[in-house]
Amino acid sequence: MIRFDVSALTQARLGTSLTLNVDIGPQSLTDLEVDFLRGTVRVIRVQGGLLVQGTVETQVWLECVRCLDSFALPITLELEETFGLSGASRRQD
136 MIRFDVSALT QARLGTSLTL NVDIGPQSLT DLEVDFLRGT VRVIRVQGGL
186 LVQGTVETQV WLECVRCLDS FALPITLELE ETFGLSGASR RQD
């Protein structure tokens with residue numbers, strides 16, 4: 136799991152943003168080997184929450200079910216998600 140501290144935005148004025156440059160090295164998850172995670176993510180304070188937008192690229196290693204050889208699969212993800220804030224954090228709305 137990857138976490139970023141965006142707590143300053145929870146009390147910020149609407150429209151305030153934070154840009155995060157993501158550059159994470161190899162990760163080993165339960166059933167997945169990830170070479171890297173790179174990209175840019177922008178977090179914006181919006182009415183009722185935080186809007187997360189960005190693009191990240193990665194490369195994962197998989198195993199062919201037919202020949203059992205490993206191969207790298209590049210993946211690009213476009214992100215856009217809104218996360219709601221609890222009542223105590225919504226005072227600026």
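Residues in the sequence shown are numbered from 136 upward in steps of one, following the working numbering. Glycine is no exception: its CB is placed at the ideal position from the N, C-alpha and C atoms. Small disclaimer: the values here were computed from a predicted structure and weren't measured.
Starting from the C-beta of residue i, find all residues in its chain whose C-beta is less than 7 Å away, skip the five residues before and the five after it, and write them out in chain order.
i           : result
residue 199 : 206
residue 151 : 144 and 180
From residue i to residue j, what distance separates their C-alpha atoms?
i           : j           : result
residue 143 : residue 202 : 50 Å
residue 155 : residue 215 : 14 Å
residue 162 : residue 170 : 7 Å
residue 141 : residue 164 : 24 Å
residue 176 : residue 137 : 13 Å
Please confirm whether residue i and residue j have their CB atoms less than 7 Å apart.
i           : j           : result
residue 178 : residue 187 : yes
residue 211 : residue 192 : yes
residue 172 : residue 157 : yes
residue 160 : residue 174 : no
Judging by CA-CA distance, which residue of the options is the nearest neighbour of residue i?
i           : options               : result
residue 139 : 147, 146, 148 and 153 : 153
Buried or exposed for residue i, please, with buried defined as at least 16 other CB atoms from any protein chain shown within 10 angstroms of its CB.
i           : result
residue 167 : exposed
residue 185 : buried
residue 213 : exposed
So, for residue i: in the same chain, excluding its five sequence neighbours on each side, which residues have a beta-carbon less than 8 Å away from its beta-carbon?
i           : result
residue 209 : 192, 193 and 194
residue 204 : 198
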